[in-house]
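First comes the structure, then the notes that go with it.
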Amino acid sequence: MHPIAEYRRARGLTQNMLAKKLETNLNQIQRWESGVTPRAPALLRLAEALGVDSLALDRELRATKPASAPAEKVIAEAKGVAIS
254 MHPIAEYRRA RGLTQNMLAK KLETNLNQIQ RWESGVTPRA PALLRLAEAL
304 GVDSLALDRE LRATKPASAP AEKVIAEAKG VAIS
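Heads up: take any position in the sequence shown, counting from 1, add 253, and you land on my numbering.
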């Protein structure tokens, strides 16, 4: 489960309740819970609403993102070329 959803549920909030608390819409909460990282101002408000430290939340969100391969490797693989 995504960290934002975990914190939200632990506080007994629905997505709608969190959206209202943050004065945003349900779609925005759903995007965040599907892996889109909130921008800094939204992250600060989100952390406050969830009662967590904003830096800790940011680190946790970054840790859940899959590591991306360097662009050179991705392009080479798409072209069927092996690189070391």
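Just so you know, even glycine gets a beta-carbon here, dropped at the ideal spot from N, CA and C.
Worksheet item: Do you know how far the Cα of Gln-283 is from the Cα of Val-305?
Response: 19 Å
Worksheet entry | Start-to-end residues for the alpha helix (DSSP H) that takes in Met-254 | It is not in any alpha helix (DSSP H) - Met-254 carries neither H nor E in the DSSP assignment.
Worksheet item: Roughly how many angstroms lie between the CA atoms of Glu-377 and Asp-311, to the nearest whole one?
Response: Outside the shown range of the chain (254 to 337) lies residue 377, about which nothing can therefore be said.
Worksheet item: By how many angstroms is the C-alpha of Gln-268 removed from the C-alpha of Gln-281?
Response: 9 Å
Practice prompt. Consult DSSP for Asn-280 and reduce its assignment to one of helix, strand or coil.
Written response: helix
Fill in: Residue environment, Arg-262, which counts as buried when at least 16 other CB atoms sit within 10 Å
exposed
Worksheet item: Can you tell me where the alpha helix (DSSP H) with Arg-346 in it begins and where it stops?
Response: Because the chain here runs from 254 to 337, residue 346 falls outside it and cannot be looked at.
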